[in-house]
Ligand SMILES: Cc1cc2nc3c(=O)[nH]c(=O)nc-3n(C[C@H](O)[C@H](O)[C@H](O)COP(=O)(O)O)c2cc1C
């Protein structure tokens, strides 16, 4: 049974012994982060934490580390293993065109199941228990400052809802929000994310009108294009942009499938509410916002509604990030709140990021497992992948492949660099299928033995993660692929390739039999 909301999820965590309630008074400035950091680094990721006595916020509660272990990640998606989710995806992808009546009948249960994925809009919901259009402030909520050099307090687990101004398609993305004051925040959608593309699309529409570049309503085309280009460089505000606003809604404290779907690097056209419906196998119930034309999950704890102005950028950051370093300040759009709705006594859900391992590492691992079957659609020779937690999602991908033709490892690297957010991968190591990429020791041994660095390392240039502080330019830099597969004569390698050392079965069996007698246990 799907979790109806954050509260049923918290109750399930408690029943499973996965939740610790903290009744001692704690400070949302740094102290909660320090406690959570220690807990995240304890064996298995520690428990989820529900802080119930927050300094300066009588009656408020903060939920953190809800996804912070392999077991909780499974619980959140109601599976025993993430492979179950991958198997369900695979089953849907395996559907072939039905050959006859019987095949069509066999497809009916699957079609019925698909019907459950689509969100449905309901007239009202718990997130409307309290509606504040006039007197409201973000200061009501126990928003954390996580690290000493953070620019301030940040909302770190928000589901940010936007709509493509041209197609009307919705997107839900998780982008942190720096609190500037009680009614204004930053909107940290990085350049390559869907929210940022909606923003650019809104700029284009404002400059050209809905019908595109041919129709220059404002005559301000160059200004908008300029802002898009200049904002990529992280430099200045555009004074002469077309103006206008883009509507944004933010849901905080949703059921875990919805929260998780906001981080999933889905293709832009696949709506996250649909992904959440697939994951929870029950439609997400949505309600219309009060002041913007957007829909949010009806059971959200807190909903922030408002606008991003198209002619306004403001310094955002620094922020202690999941790389283990502070992400540098840069210019980002500003979110102006027009209304807050919330449940009575809302529970504020948040996370902290910092040096791994932390909660987001477990979420990243779930993305890795769930996306493997989808990656195999375009890269069928993929056997397995591993994004080690210390590689912070985008720095390192270990890939095993079934190699069938010369140069295939390089083909795979290029395919990964052209696959959605996998384009950010700074270093890809490709090994043969007999290497277990989940065993870092085995990869290190075999990959480093198998390479001639000058021959086997491939550099390329392209977009890099906005959080990469080492690239020559923000968002643009180099990436490296290492072909650590066995080299073939058809790849120009004519020396003999040595056999791997393995003891013969007869001797192993002999030692098995004598092992106790040897007294070496
Ligand atoms: C805890 C957490 C915080 C994140 N913060 C940001 C952020 O501030 N900006 C950003 O662009 N991506 C951030 N991400 C990554 C995005 O959520 C992720 O790339 C997602 O796929 C974006 O959605 P989109 O593809 O719909 O744009 C964060 C991820 C997690 C797990």
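In this note's numbering, the protein residues as written are 2 to 522.
Glycine is no exception: its CB is placed at the ideal position from the N, C-alpha and C atoms.
Query: Rounded distance between the beta-carbons of residue 250 and residue 162, thought under 8 Å; Result: 4 Å
Query: Which of helix, strand or coil DSSP assigns to residue 116; Result: helix
Query: Segment limits, alpha helix (DSSP H) that includes residue 445; Result: 441 to 451
Query: C-beta atoms of residue 348 and residue 14 nearer than 8 Å; Result: no
Query: Identity of the residues DSSP links to residue 306 by a beta bridge; Result: 250, 340
Query: Where residue 502 falls, given that 16 or more other Cβ within 10 Å makes a residue buried; Result: exposed
Query: Residue 287 to residue 182 span [Cα, whole Å]; Result: 28 Å
Query: Whether residue 84 touches residue 370 by CB criterion (8 Å); Result: yes
Query: Secondary structure of residue 521, DSSP reduced to three states; Result: coil
Query: Helix, strand or coil at residue 510 [DSSP, three-state]; Result: helix
Query: Alpha-carbon spacing of residue 285 relative to residue 148, whole angstroms; Result: 34 Å
Query: Residue 322 - DSSP class collapsed to helix/strand/coil; Result: coil
Query: Assumed close pair residue 66, residue 24 - CB separation to whole angstroms, cut-off 8 Å; Result: Not a contact, Cβ separation roughly 17 Å.
Query: Within 8 Å, strictly: CB atoms of residue 126 and residue 300; Result: yes
Query: Distance between residue 432 and residue 210 (C-alpha atoms, nearest Å); Result: 50 Å
Query: Residue environment, residue 406, which counts as buried when at least 16 other CB atoms sit within 10 Å; Result: exposed
Query: Same chain, Cβ closer than 6 Å to residue 492, neighbours up to 5 away in sequence not counted; Result: 407
Query: Simplified DSSP assignment, three categories, for residue 215; Result: Bear in mind that a pLDDT of 47 at residue 215, under 50, signals an unreliable position, so the model cannot answer this.
Query: Status (buried if at least 16 other CB within 10 Å, exposed otherwise) for residue 101; Result: exposed
Query: Beta-carbon proximity check, residue 201 vs residue 189, cutoff 8 Å; Result: no
Query: Heavy atom of ligand 1 within 7 Å of residue 177 beta-carbon; Result: yes
Query: Segment contact flag, the region 140 to 155 with the region 256 to 263, C-beta cutoff 8 Å, min 3 pairs; Result: no
Query: Where the alpha helix (DSSP H) containing residue 415 begins and where it ends; Result: 409 to 418
Query: Heavy atom of ligand 1 within 7 Å of residue 172 beta-carbon; Result: yes
Query: Backbone CA spacing between residue 221 and residue 244 [nearest angstrom]; Result: Confidence is the limiting factor: at residue 221 the pLDDT is only 40, short of 50, which leaves the residue's position unreliable, though a coordinate-based value still follows. If I take the Cα positions, the gap works out to 10 Å.
Query: Continuous alpha helix (DSSP H) stretch holding residue 404: start and end; Result: Neither: residue 404 is in no alpha helix (DSSP H) and is coded neither H nor E.
Query: Backbone CA spacing between residue 168 and residue 290 [nearest angstrom]; Result: 19 Å
Query: Top-ranked residue by Cα proximity to residue 312, from 247, 275, 77; Result: 247
Query: Limits of the unbroken beta strand (DSSP E) element including residue 74; Result: Element bounds for residue 74: not the beta strand (DSSP E) but the alpha helix (DSSP H), 71 to 77.
Query: N- and C-terminal bounds of the beta strand (DSSP E) containing residue 350; Result: 348 to 350
Query: Buried or exposed by the 16-neighbour rule on C-beta atoms within 10 Å, applied to residue 507; Result: exposed
Query: Helix, strand or coil at residue 94 according to DSSP, with G and I counted as helix; Result: helix
Query: Cα-Cα separation, residue 269 to residue 159; Result: 18 Å
Query: Contact with chain B by residue 140, beta-carbon distance below 8 Å; Result: Included in the structure is just one protein chain, with no chain B present.
Query: Option in 326, 344, 63 with minimal Cα separation from residue 133; Result: 344
Query: Counted within 10 angstroms of its Cβ, other Cβ atoms place residue 450 as buried (16 or more) or exposed; Result: exposed
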